[in-house]
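Going by my numbering, 62 is the number at position 58 of the sequence shown; the sequence numbering is gapless.
Glycine included, C-beta positions come from ideal geometry on N, C-alpha and C.
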Amino acid sequence: MARHRRMYVHSQAYHISARTSEGLPFMCNLLMKSVLFGIIARARSLYPNVKICAWLFMGNHFHAILVNKGDSNCIPDFMEFVNGEVARAINRFRGRRNYKVWATRYKVEHL
C-alpha cells in the first residue's frame, strides 16, 4: 500500500517528530550532544531553505519545528539527511552495522 504524498507549502511551519525503535539511544553526554548538533549544523548549511525554529532531543525521540523557505522537496531532503546521519552515528556508538534506529517514518503536522 502506497503512502500518502506529503505536501509542503512555502513559508509554512511544521512540527516534525520521530521515535527510535529502541529506548534511550540519545545518550545524555557531551560527546553525543556535540555529534547530534553537529549533524544539524551540517544539514542547516546543506539545506539553507529549511529554517530551524526549534529542536529538542529527548530520550527516545526528537521534536523539531521547521519552516519551509524553498520548494516542496527541501524538508524531506533535510530530514532524510538528518535521520540518516543520526542513525549512522548511533550505530557507530553502539558498534552495530545496518541496524534500524528509527521505529517509523517521521511524523509531520502543520502549525
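In the DSSP assignment, find the unbroken alpha helix (DSSP H) run with CYS78 in it and report its ends.
CYS78 -> alpha helix (DSSP H) spans 78 to 98.
To the nearest angstrom, report how far apart ALA91 and TRP106 are at their CA atoms.
Going from the Cα of ALA91 to the Cα of TRP106 covers about 8 Å.
According to DSSP, which residues form a beta bridge with HIS19?
DSSP lists ILE69, GLU113 as partners of HIS19.
DSSP on LYS37, reduced to helix/strand/coil?
Helix, per DSSP.
Short of 7 Å in beta carbon distance, which residues of its chain neighbour HIS114, apart from the five on each side in sequence? Order them along the chain.
Excluding positions up to five away in sequence, the list reads GLN16, TYR18.
With a CB to CB cut of under 7 Å and the five nearest residues on each side skipped, what residues in its chain are close to ILE79?
Hits under 7 Å: TYR12, TYR18, VAL54, LEU70, ASN72.
Does the distance from the C-beta atom of MET83 to that of ILE20 stay below 8 Å?
Yes, the Cβ-Cβ distance between MET83 and ILE20 is below 8 Å.
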